[in-house]
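Data block below; observations after.
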Amino acid sequence: KAGVTQTPRYLIKTRGQQVTLSCSPISGHRSVSWYQQTPGQGLQFLFEYFSETQRNKGNFPGRFSGRQFSNSRSEMNVSTLELGDSALYLCASSLGDRVAYEQYFGPGTRLTVT
Amino acid sequence: QKEVEQDPGPLSVPEGAIVSLNCTYSNSAFQYFMWYRQYSRKGPELLMYTYSSGNKEDGRFTAQVDKSSKYISLFIRDSQPSDSATYLCAMIRGFQKLVFGTGTRLLVSP
């Protein structure tokens, strides 16, 4: 069974631009969660989508948004990029129909904002 | 104060040593406790999960949860250089979000 895939793996953007990241979950998984990982803050939860609906949301500004498609693939968007948005963005998938203690992570997208 | 506290390390041990990694937490509502391993430039990989208090063993790894003390541990026996990675604890309650510790960097020298 294929794992979680994320594209692109690396991105360089400039301040003020926007970016869209993509995540394809493990086949059969209906929940996708997004995380931001930085050396100082560790892994911070952005949001979770289950069956095309946002089920949980972290404490990030509205510039961070996401969506999920009917095939469970998910995208997250960051508008008006700031230098502090430079991070590794990880998505994780799980079955979603029970407590998500078994989340499987993709390799991440490393975003650099200059 | 963070919900989950974890010493960032690095923790350096010789090959063959027993490693103890720990996390403390403040929210007694957490039900499931997980340990993830993350190699450099990779996503976290789920190692083990435990429900409520008790021990769980998987090969060289043992996870321990003490809910009365709000303290969880991961023990690695006969540590190998390939165990060198960052270890993240995580916990969850109900259908809420996973809450992670900041991770402990482990270095196992040959």
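Respectively, the protein sequence lines represent chains A and B.
No gaps in the numbering here: position 32 of the first sequence is 76 in our numbering, and each next residue is one more.
No gaps in the numbering here: position 106 of the second sequence is 1489 in our numbering, and each next residue is one more.
Glycine residues also receive a C-beta, built at the ideal position from the N, C-alpha and C atoms.
Values in this document were obtained by computation on a predicted structure and should not be read as measured data.
Think of a sphere of 7 Å around the beta carbon of arginine 111(A): no beta carbon from chain B falls inside it, the nearest being about 18 Å out.
Beta-bridge pairing by DSSP links arginine 154(A) to Tyr54(A) and Leu132(A). Using a Cβ-Cβ distance cut-off of 8 Å, the segment 1453–1465 of chain B and the segment 141–156 of chain A are not in contact, since fewer than three pairs of beta carbons, one from each stretch, lie closer than that value. When 7 Å is used as the limit between beta carbons, proline 1427(B) is near these residues of chain A: Phe149, in chain order. In the DSSP assignment, arginine 111(A) falls within the unbroken beta strand (DSSP E) covering 108–112. The beta-bridge partner set that DSSP reports for glutamine 98(A) consists of Tyr93(A). Rounded to whole angstroms, the separation of the alpha carbons of serine 95(A) and serine 138(A) is 12 Å. The continuous beta strand (DSSP E) containing glutamine 1447(B) extends over residues 1444–1449. In this structure, the alpha-carbon of tyrosine 54(A) lies about 24 Å from that of asparagine 115(A). Judged by DSSP in its simplified three-state form, aspartate 1466(B) adopts helix. Burial of glycine 110(A) is indicated by the presence of at least 16 other C-beta atoms within 10 angstroms of its C-beta. For phenylalanine 1483(B) and glutamine 88(A), the gap between their C-alpha atoms comes out near 7 Å. Contacts with chain B at 8 Å (Cβ-Cβ) do not include arginine 59(A).
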